[in-house]
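Chemist: What follows is a single structure, and I will ask about it in a moment.
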Amino acid sequence: MSKYLQELKNKKVHIIIGDMFDVAVRDVMCQAYNLKMTAQEGYVWFLPQWLAPNWYDTDYYNAHHLENVMCSTTQMIDAINGHLSLAHAYFASDSELMQENITVRQWRQKYKSVCRARNVSESNYAGFTYDAVWTYALALNNLVKENQSLLADIHSSVSTQRFVEMLEATDFHGVSGRIKFRGASRVSDINVLQWLNNRTQVVGSFHPNFSVLHQELSGGRLELNLSTIVWLTADGRKPTDGKELPPRCLLEGLAILLDITCDLAFVAVNIIGFGLLGIVLIIAFLVVKRRYDKKVQQTQNYMMSLGIDLLAAQNMSSLDKWEISRDRVVINRKLGEGAFGMVYGGEALFEDKGWVAVAVKTLKVGSTMEEKLDFLSEAEVMKRFEHKNIVKLLGVCTKNEPVYTIMEFMLYGDLKTFLLARRHLVNERISEESEEISSKKLTMMAMDVARALSYLAELKYVHRDVASRNCLVNASRIVKLGDFGLTRPMYESDYYKFNRKGMLPVRWMAPESLELGVFSPSSDVWSYGVLLYEIITFGSFPFQGMSNSQVLEHVKNGNTLPIPAGVKPQLEGLIRSCWNFDHKRRPQVSEIVEFVANNPRLISPCLDVPLASVQMDDYAEQLEMGLPNITFRKCSVPMKFMSQTDAAACAYVREPLLLSTHSLSSTEFGKYMELNSEVEPGGMQPVSIL
Numbered sequence: 001m002s003k004y005l006q007e008l009k010n011k012k013v014h015i016i017i018g019d020m021f022d023v024a025v026r027d028v029m030c031q032a033y034n035l036k037m038t039a040q041e042g043y044v045w046f047l048p049q050w051l052a053p054n055w056y057d058t059d060y061y062n063a064h065h066l067e068n069v070m071c072s073t074t075q076m077i078d079a080i081n082g083h084l085s086l087a088h089a090y091f092a093s094d095s096e097l098m099q100e101n102i103t104v105r106q107w108r109q110k111y112k113s114v115c116r117a118r119n120v121s122e123s124n125y126a127g128f129t130y131d132a133v134w135t136y137a138l139a140l141n142n143l144v145k146e147n148q149s150l151l152a153d154i155h156s157s158v159s160t161q162r163f164v165e166m167l168e169a170t171d172f173h174g175v176s177g178r179i180k181f182r183g184a185s186r187v188s189d190i191n192v193l194q195w196l197n198n199r200t201q202v203v204g205s206f207h208p209n210f211s212v213l214h215q216e217l218s219g220g221r222l223e224l225n226l227s228t229i230v231w232l233t234a235d236g237r238k239p240t241d242g243k244e245l246p247p248r249c250l251l252e253g254l255a256i257l258l259d260i261t262c263d264l265a266f267v268a269v270n271i272i273g274f275g276l277l278g279i280v281l282i283i284a285f286l287v288v289k290r291r292y293d294k295k296v297q298q299t300q301n302y303m304m305s306l307g308i309d310l311l312a313a314q315n316m317s318s319l320d321k322w323e324i325s326r327d328r329v330v331i332n333r334k335l336g337e338g339a340f341g342m343v344y345g346g347e348a349l350f351e352d353k354g355w356v357a358v359a360v361k362t363l364k365v366g367s368t369m370e371e372k373l374d375f376l377s378e379a380e381v382m383k384r385f386e387h388k389n390i391v392k393l394l395g396v397c398t399k400n401e402p403v404y405t406i407m408e409f410m411l412y413g414d415l416k417t418f419l420l421a422r423r424h425l426v427n428e429r430i431s432e433e434s435e436e437i438s439s440k441k442l443t444m445m446a447m448d449v450a451r452a453l454s455y456l457a458e459l460k461y462v463h464r465d466v467a468s469r470n471c472l473v474n475a476s477r478i479v480k481l482g483d484f485g486l487t488r489p490m491y492e493s494d495y496y497k498f499n500r501k502g503m504l505p506v507r508w509m510a511p512e513s514l515e516l517g518v519f520s521p522s523s524d525v526w527s528y529g530v531l532l533y534e535i536i537t538f539g540s541f542p543f544q545g546m547s548n549s550q551v552l553e554h555v556k557n558g559n560t561l562p563i564p565a566g567v568k569p570q571l572e573g574l575i576r577s578c579w580n581f582d583h584k585r586r587p588q589v590s591e592i593v594e595f596v597a598n599n600p601r602l603i604s605p606c607l608d609v610p611l612a613s614v615q616m617d618d619y620a621e622q623l624e625m626g627l628p629n630i631t632f633r634k635c636s637v638p639m640k641f642m643s644q645t646d647a648a649a650c651a652y653v654r655e656p657l658l659l660s661t662h663s664l665s666s667t668e669f670g671k672y673m674e675l676n677s678e679v680e681p682g683g684m685q686p687v688s689i690l
């Protein structure tokens, strides 16, 4: 203990609060005496008020309790002399009126007379006992007035619960002050006591302010009687808190020149400095904005020459193989709404396949330039994927508005709805190997998504939005990964809105993505862990009961979803590895595929979490995330970027190529790349939208 006190002394800490038992206080104060850290040396000690009356009598405790405190009782008295304590007030002020319409002074006089008549000593706790009886009596009286039948079975759970509620609602003025509970604690006045020469006296009090309307404390009033406080310093003055005096003014010359104080001199320098900095920033902003506007105008002019902004490219007759005639597409029903417009079901005629059931995603008429570019760039990327577990793009219609993207039809819709619709099968205790909910089927679903992510990782793409709502189930119950709203309404509350009209899926995002905007295959692995949680809980909503902003802080503070009880140890280990806060220590997607393949019955239903799936509007708040604007592009970061720092990986994400390079001449393609896809330092190339 001596070294800790010495450390406090070295740090010039002069106000010390000790919350210890008797044995510890004796040892600490003896050490303080030896280190000259008592009130005589300017130290202010706060010790507990509830210590035994003669707790400082070390001569007695060393002799009878085999303690070995190296200070005599006389030395201990010198050590603790002048210390302060805080304690609940035993009695209210004498003039305060009680519930019986008498003053506290009158009650205490009556109590003193009773004690004298019975030849017993007065107790400081008599007021507490008296008020406790009144508290129970008033609550019981209110209970009887409300419902006399509750007395017939006073020990029943209903009667007990109501009685507790009556106690919590009790509010009156008793002997010890106001009787009003705040949870399990009572709001009461606090006395400041000083122990001096073996005598304790009240030197101040704190009166808390309790808001009846909001049922909470809101500050209070501290009253100190400075004339009663005795300082034992050599000069009898109030000691300092040990804080060092401020250093000599660094701007003394300027302060003398302007005839102002040192603080005002610092303020003047800061104003001048920030003013100059503001001017520089404004000039820099204007320069950057001018260059940006010029580049945007050049890009827009070039896109207009290709017909992109009008989405009526009459001069673009030579689109690639994905362009199909609009009269070959028949729309017959509405499936839902995506981020860019409506999603319909229908059929499309292909020369090699005939009429095929399809899903048609449309871009709403009048969309902004940014939405049009995002819509087409999303289709551009989809053309590059050919995998059985990724939703396949079948064609596009871009010659007239509205623009269509045509994709394979997924009969059972999104995985989230698929699981929720079958959740009751688990509760009905149907055979574990039932086709819809068997461990083998659930594991195969997880395997399908893992294979899709592994394929994307091989192509050096990052999905950024791995969740059950973006996984679709076809007629063969094969799960395929997509990132658009095909056969379901868009879950807007699953996203985190920022200043560029777009959303971020906070509840599925990795910590590095939330803090820095860094997206990598490792961040997809984190999201895959949340997807596993959705599968084993049959569509339960992640972090239910928390708002998006609360989830953001919750994850950034090092927390994850609780893993449901009853999952297999192998699955729990996989999920925890996916949620490792060090992205370098998360498994590769290819390793996950191998692990799941070796455990074909890895996943089984765990329904020990609430059913809530859709977040209510009360929580669907939208906040801005303080990340660099450029990182908000809905993009895929090639894994080669991850060899740099996370910040650098984000900083070099650029706008994608919007049209297939097959539809551009080499000159046009080179011009577009020059305008939008400059090679960054270190040889980093632009990356694609996903």
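Using the UniProt record's numbering, you'd call the opening residue of the sequence shown number 1 and step up by one each time.
Where a beta carbon is used, it is the ideal one built from N, C-alpha and C, also for glycine.
#1: Provide the residue(s) that pair with cysteine 471 in DSSP beta bridges, ordered along the chain.
#2: At the level of alpha carbons, what is the spacing between lysine 11 and leucine 277?
#3: How should tryptophan 526 be labelled, buried or exposed, when 16 other C-beta atoms within 10 angstroms of its C-beta is the threshold for buried?
#4: Based on Cα-Cα distance, which residue from Val381, Ala357, Val530 lies nearest to alanine 475?
#5: Starting from the N-terminal side, write out each stretch of the beta strand (DSSP E) that is 3 residues or longer and does not extend beyond the segment 3-90.
#6: Could you pull the DSSP bridge partners for aspartate 171 from this structure?
#7: Give me the residue from Ser95, Leu84, Glu572 with the minimum Cα distance to tryptophan 50.
#8: Go ahead and pull the three-state DSSP assignment for histidine 424.
#9: Are there 16 or more other CB atoms within 10 angstroms of the CB of glutamate 370, so buried, or fewer, so exposed?
#10: Could you give the distance in angstroms between the alpha-carbon of tyrosine 344 and the alpha-carbon of phenylalanine 538?
#11: Would DSSP call aspartate 235 helix, strand or coil?
#12: Under 8 Å, do valine 175 and valine 192 count as touching if we go by C-beta distance?
#13: Just how far apart, CA to CA, sit valine 267 and isoleucine 279?
#14: So for methionine 673, helix, strand or coil by DSSP?
#15: Could you tell me how far apart the beta carbons of valine 462 and serine 523 are, in whole angstroms, since I believe they sit closer than 8 Å?
#16: Taking DSSP as the reference, what is the three-state secondary structure of histidine 155?
#17: By DSSP, does tyrosine 436 sit in helix, in strand, or in coil?
#18: Would you grab the beta carbon distance between histidine 207 and aspartate 189 for me? Rounded to a whole angstrom, and I think it's under 8 Å.
#19: Could you check what DSSP says for lysine 372 in three-state terms: helix, strand or coil?
#20: Do you know offhand how far asparagine 101's Cα is from leucine 607's?
#21: Would you kindly work out how many angstroms separate the C-alpha atoms of leucine 602 and arginine 333, rounded to a whole number?
#22: Please look up how many angstroms separate the CB atoms of valine 396 and tryptophan 322, rounded, as I've assumed it's under 8 Å.
#23: Helix, strand or coil: which one does DSSP assign to valine 187?
#24: At which residues does the beta strand (DSSP E) containing alanine 565 begin and terminate?
#25: DSSP beta-bridge partners for methionine 407?
#26: To the nearest angstrom, report how far apart histidine 554 and cysteine 115 are at their CA atoms.
#27: Just tell me which of Leu472, Ile324, Phe128 has its CA closest to the CA of leucine 349.
#28: Under the assumption that methionine 410 contacts leucine 393 (Cβ atoms under 8 Å), give the Cβ distance between them as a whole number of angstroms.
#29: Quick one: grab the DSSP three-state call for lysine 110.
#30: What would DSSP say about glycine 341, mapped onto helix, strand or coil?
#31: Spatial neighbours of tryptophan 579 within its chain, please: CB distance less than 7 Å, with the 5 preceding and 5 following residues excluded, ordered by chain position.
#32: Check whether the segment 78-92 and the segment 30-47 touch, using three or more Cβ-Cβ pairs below 8 Å as the test.
#33: Taking three-plus beta-carbon pairs below 8 Å as touching, is the segment 52-59 in contact with the segment 85-93?
#34: Determine the closest residue to serine 2 out of Arg464, Ala24, Gly558, with distance taken between C-alpha atoms.
#35: Nearest-angstrom Cα distance between glycine 127 and valine 187?
#36: Who are histidine 207's beta bridge partners in DSSP?
Modeler: Taking the coordinates as given:
#1: In DSSP, cysteine 471 forms a bridge with Leu481.
#2: Computed Cα separation, rounded: 38 Å.
#3: By the 10 Å Cβ count, tryptophan 526 comes out buried.
#4: With distances taken between Cα atoms, alanine 475 lies closest to Ala357.
#5: The segment 3-90 contains, as complete beta strand (DSSP E) runs of 3+ residues, the segments 15-17, 44-46, 84-88 (chain order).
#6: DSSP, once it has assigned bridges, lists Lys180 as partnering aspartate 171.
#7: With distances taken between Cα atoms, tryptophan 50 lies closest to Leu84.
#8: Histidine 424: helix per DSSP, three-state reduction.
#9: By the neighbour-count rule (16 or more Cβ atoms within 10 Å), glutamate 370 is not buried but exposed.
#10: Per the coordinates, the alpha-carbon of tyrosine 344 lies some 26 Å from the alpha-carbon of phenylalanine 538.
#11: Aspartate 235: coil per DSSP, three-state reduction.
#12: It is not a contact, given that the beta carbons lie outside the stated cut-off.
#13: So the two alpha carbons sit approximately 18 Å from each other.
#14: Because the pLDDT of methionine 673 is 34, which lies under 50, any placement of that residue in the model is unreliable, and the question is left without a value.
#15: With 8 Å as the limit, valine 462 and serine 523 qualify as a contact, their Cβ atoms being about 7 Å apart.
#16: It is coil, neither helix nor strand.
#17: The sequence given here places glutamate at residue 436; tyrosine does not occur at that position. If DSSP states are grouped into helix, strand and coil, glutamate 436 belongs with coil.
#18: Rounded to the nearest angstrom, the Cβ distance from histidine 207 to aspartate 189 is 5 Å, consistent with a contact under 8 Å.
#19: Helix at lysine 372.
#20: Straight across, the Cα-Cα distance linking asparagine 101 with leucine 607 is about 59 Å.
#21: Linking leucine 602 to arginine 333 through their CA atoms gives a straight-line distance of about 38 Å.
#22: Confirmed, about 5 Å.
#23: For valine 187, the secondary structure class from DSSP, reduced to helix, strand or coil, is coil.
#24: Alanine 565: not part of any beta strand (DSSP E); DSSP gives it neither H nor E.
#25: Answer by DSSP bridge pairing, in chain order: Ala359, Leu393.
#26: Here the alpha carbons of cysteine 115 and histidine 554 stand approximately 58 Å from one another.
#27: Ranking Leu472, Ile324, Phe128 by Cα distance to leucine 349 puts Ile324 first.
#28: Actually they are not in contact, since the Cβ atoms of methionine 410 and leucine 393 sit about 13 Å apart, beyond 8 Å.
#29: The answer is helix: DSSP assigns lysine 110 an H, G or I state.
#30: Per DSSP, reduced to three states, the secondary structure at glycine 341 is coil, with no helix or strand assignment.
#31: Within the same chain, Trp526, Gly529, Thr560 come within 7 Å of tryptophan 579 by CB-CB distance, once the 5 residues on both sides are set aside.
#32: Proximity of the segment 78-92 to the segment 30-47 meets the contact definition, three or more beta-carbon pairs being nearer than 8 Å.
#33: The segment 52-59 is not in contact with the segment 85-93.
#34: Scanning Arg464, Ala24, Gly558 for the CA closest to the CA of serine 2 turns up Ala24.
#35: Each residue's Cα considered, the two are about 15 Å apart.
#36: Note: histidine 207 sits in a beta bridge opposite Arg221.
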